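Notes follow once the structure below has been shown.
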Amino acid sequence: MNVNFKVLWFEDEMGWRPSSERSMKRIIESHNLVPIITWKKGDEGDAEEELKKEYDLILMDYELRGTMGNILIKKLRQFDIYTDVVFYSGNYNKMVKALYNIDEKGMNIEPVDGIYFSDRKREELFPKLQKVVDKVVRRMQDIVNLRGVVLDNVSGFENQMQNILVLTANKFSQAQIKSLNEYTKNKLIVPAKNEYIRKIDEIESNPEALKAIISAPDYFLDSYKKARLVGRVIKILVDEYGLVIDKKYNKFAEVYYNEIIKYRNALGHAMRSNEHADREVFIGEIDKTPLIFTEDLFRQMRASLNEYQQVINLVENSFNQI
1 MNVNFKVLWF EDEMGWRPSS ERSMKRIIES HNLVPIITWK KGDEGDAEEE
51 LKKEYDLILM DYELRGTMGN ILIKKLRQFD IYTDVVFYSG NYNKMVKALY
101 NIDEKGMNIE PVDGIYFSDR KREELFPKLQ KVVDKVVRRM QDIVNLRGVV
151 LDNVSGFENQ MQNILVLTAN KFSQAQIKSL NEYTKNKLIV PAKNEYIRKI
201 DEIESNPEAL KAIISAPDYF LDSYKKARLV GRVIKILVDE YGLVIDKKYN
251 KFAEVYYNEI IKYRNALGHA MRSNEHADRE VFIGEIDKTP LIFTEDLFRQ
301 MRASLNEYQQ VINLVENSFN QI
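Heads up: the sequence shown begins at 1 in the numbering used here, then just goes up one per residue.
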């Protein structure tokens, strides 16, 4: 799972789509997920191929023009699609009978798992969609997925910050580069060098050298140092190029560390606690406060990741104007 929630929606009433899409996006965004909705009428040549792609949810109007509703139902079985599917129709009973091959003698095939039904009326459909999305998200939310979401996004952020620094070196003026060179040497390299030398001397004189070196951190351009340098770049972009950005990011490295990196570090050592009947997951400590995995934490982390993705994109894209 990532921060996107992908929906494949089969609906051939074009006038019905815009307001329905807005309602569905609100449901998805309530979980701090980014909605990506792909619309199909059902009669396109690539409809079958689209079914084979990875989606978090499939929505389908049973009463598509012609017989496509029945055909797509058969394709779901044929392709072994395990994505949850919501069928809706103005003729609810007819839809259920068709899906389950119910005739006068009753049901003659096994039902398909992960299938939900709803009337087409909005007051019935969207409350049902809210419940289904809630269920899908709950199923996705475990400690392994949370770790993967955070680590994957932080890795992407670091690649983008690296690109921002490359763009800085190529596009900033000599005076701007000079100030960043001085900052890099005086605030990043020299302190790291001095600390590195001190630590090497300490390890060398330590009879427990193995234990000492195991605990030694990375002194070079780690996530935090990279964020500090990007913070200086942001200041120049704001002061000299008119970049408009929330004042919160005047201390980019500090807020990035507190809202992203601390959690990434804690998740790297996450473990499950067996002492709790409700199977709480103990992630670790942040600022001496125990961190327990909860749905609220997952929601908070998605919101933070979405926010920083937008900020880093804004900074990176600002170089297009230089």
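Glycine residues also receive a C-beta, built at the ideal position from the N, C-alpha and C atoms.
The model shown is predicted, which means the values in this text are computed figures rather than measured ones.
query = Among Asn153, Asn32 and Val34, which has the Cα closest to the Cα of Ile261?
reply = By 1-based counting over the sequence shown, the position of residue 261 is 261. Of Asn153, Asn32 and Val34, the residue nearest in Cα terms is Asn153.
inquiry  = Would the segment 177-190 count as touching the segment 289-296 if we require 3 or more Cβ pairs under 8 angstroms?
reply    = The segment 177-190 is not in contact with the segment 289-296.
ask   = Between which two residues does the beta strand (DSSP E) containing Asn206 stretch?
value = As a working mapping, residue 206 is identified with position 206 in the sequence shown. Annotation for Asn206: no beta strand (DSSP E) segment contains it, and DSSP assigns it neither H nor E.
ask   = To which residues does DSSP link Asp119 through a beta bridge?
value = In the sequence shown, the residue the question calls residue 119 occupies position 119. For Asp119, which the question treats as bridged, DSSP gives the partners Ser89.
ask   = From what residue to what residue does the beta strand (DSSP E) around Leu291 run?
value = Start at 1 with the first residue of the sequence shown, and residue 291 comes out as number 291. Element bounds for Leu291: Thr289 to Phe293.
Residue range of the beta strand (DSSP E) that includes Ile37 = By 1-based counting over the sequence shown, the position of residue 37 is 37. Ile37 -> beta strand (DSSP E) spans Val34 to Lys40.
key: Range of the contiguous alpha helix (DSSP H) that encloses Ile58   = Taking the first residue of the sequence shown as 1, we reach residue 58 at position 58. No alpha helix (DSSP H) holds Ile58; the beta strand (DSSP E) holding it covers Leu57 to Asp61.
task = With DSSP as the reference, label Phe319 as helix, strand or coil.
result = Residue numbering aside, residue 319 sits at position 319 when the sequence shown is read from its first letter. Of the three classes helix, strand and coil, the one that applies to Phe319 here is helix, per DSSP.
key: Opposing strand residues paired with Glu285 [DSSP bridges]   = Taking the first residue of the sequence shown as 1, we reach residue 285 at position 285. Looking at the DSSP assignment, Glu285 forms a beta bridge with Pro290.
task = For Leu8, name the three-state secondary structure that DSSP assigns.
result = If you number the sequence shown from 1, residue 8 lands on position 8. It is a strand residue.
inquiry  = According to DSSP, simplified to helix, strand and coil, what is Val345?
reply    = Nothing can be reported for residue 345: it is not among the residues displayed for the chain, which extend from 1 to 322.
query = Counting along the chain, where does the alpha helix (DSSP H) carrying Asn181 start and finish?
reply = Looking up residue 181 in the sequence shown gives position 181. Element bounds for Asn181: Gln174 to Tyr183.
key: Beta-carbon contacts of Glu110 that lie in its chain and below 6 angstroms, excluding the five residues immediately before and after   = Taking the sequence shown and counting its residues from 1, the one referred to as residue 110 is at position 110. The predicted model places Glu110 with a pLDDT of 48, which falls under 50 and marks its position as unreliable; any figure quoted below should be read in that light. The same chain holds no residue with a CB closer than 6 angstroms to that of Glu110 once the five nearest residues on each side in sequence are set aside.
C-alpha distance - Gln162 paired with Asn317, whole-angstrom precision = Against the sequence shown, residue 162 aligns to sequence position 162. Against the sequence shown, residue 317 aligns to sequence position 317. Their Cα atoms are separated by approximately 14 angstroms.
ask   = Counting Cβ pairs, one atom from each stretch, are 3 or more of them under 8 angstroms apart for the segment 115-128 and the segment 190-197?
value = No, the segment 115-128 does not touch the segment 190-197.
request  = Identify, in the order they occur along the chain, each residue of the same chain with its Cβ nearer than 6 angstroms to the Cβ of Gln176, setting aside the five sequence neighbours on each side.
outcome  = As a first step, residue 176 is located in the sequence shown; it is residue number 176 there, counting from the start. Excluding sequence neighbours, Gln176 sits near Ile236.
key: Extent of the continuous alpha helix (DSSP H) to which Lys187 belongs   = By 1-based counting over the sequence shown, the position of residue 187 is 187. Segment: none, Lys187 is in no alpha helix (DSSP H) and carries neither H nor E.
ask   = For Lys226, is the classification buried or exposed, using 16 other Cβ atoms within 10 angstroms of its Cβ as the cut-off for buried?
value = Walking along the sequence shown from the start, residue 226 turns up at place 226. Its Cβ being crowded by 16 or more others within 10 Å, Lys226 is buried.
query = Does DSSP put Lys333 in a helix, in a strand, or in coil?
reply = As shown, the chain starts at 1 and ends at 322. That puts residue 333 outside it, with no answer to give.
ask   = For the putative contact between Ile58 and Val133, defined by C-beta atoms under 8 angstroms, what is the C-beta separation to the nearest angstrom?
value = Numbered from its first residue, the sequence shown carries residue 58 at position 58. Numbered from its first residue, the sequence shown carries residue 133 at position 133. Rounded to the nearest angstrom, the Cβ distance from Ile58 to Val133 is 12 angstroms, too far for a contact under 8 angstroms.
task = State whether the segment 24-41 contacts the segment 78-87, with contact taken as three or more CB pairs (one from each stretch) at a distance under 8 angstroms.
result = With the rule of 3 Cβ pairs closer than 8 angstroms, the segment 24-41 does not count as touching the segment 78-87.
request  = Could you check how far apart the C-beta atoms of Ile322 and Lys171 are, in whole angstroms? I think they sit under 8 angstroms.
outcome  = On the sequence shown, position 322 is the one that residue 322 refers to. On the sequence shown, position 171 is the one that residue 171 refers to. Going by Cβ atoms, the distance from Ile322 to Lys171 rounds to 5 angstroms, so yes, they are a contact pair.
task = From the DSSP output, in three-state form, read off Glu307 for me.
result = As a position in the sequence shown, residue 307 is number 307, starting the count at 1. Helix, per DSSP.
ask   = Does the Cβ-Cβ distance between Tyr257 and Met301 come in under 8 angstroms?
value = Here residue 257 is taken as the residue at index 257 of the sequence shown, counted from 1. Here residue 301 is taken as the residue at index 301 of the sequence shown, counted from 1. Not in contact: Tyr257 and Met301 (Cβ atoms no closer than 8 angstroms).
task = List the endpoints of the continuous alpha helix (DSSP H) containing Ser19.
result = To locate residue 19, count along the sequence shown from 1; it is residue 19. It spans Arg17 to Glu29 - the alpha helix (DSSP H) in which Ser19 sits, taken as one unbroken run.
message = Measuring straight from C-alpha to C-alpha, what distance separates Gln309 and Gly284?
response = Here the question's residue 309 lines up with position 309 in the sequence shown. Here the question's residue 284 lines up with position 284 in the sequence shown. Annotation: Gln309 to Gly284 spans about 25 angstroms, alpha carbon to alpha carbon.
ask   = Is it buried or exposed for Leu151, if we count other Cβ within 10 angstroms and need 16 for buried?
value = Numbered from its first residue, the sequence shown carries residue 151 at position 151. By the neighbour-count rule (16 or more Cβ atoms within 10 Å), Leu151 is not buried but exposed.
Straight-line Cα distance separating Glu49 from Arg138 = Taking the first residue of the sequence shown as position 1, residue 138 is located at position 138. Taking the first residue of the sequence shown as position 1, residue 49 is located at position 49. Spanning the two alpha carbons is a distance of roughly 28 angstroms.
key: Where Thr168 sits in the DSSP three-state scheme   = Within the sequence shown, residue 168 is the residue found at index 168, counting from 1. It is helical.
key: Close Cβ partners of Glu158 (< 7 angstroms) along its chain, the five nearest in sequence each way excluded   = Translated into positions along the sequence shown, residue 158 becomes position 158. Excluding positions up to five away in sequence, the list reads Ser223 and Lys226.
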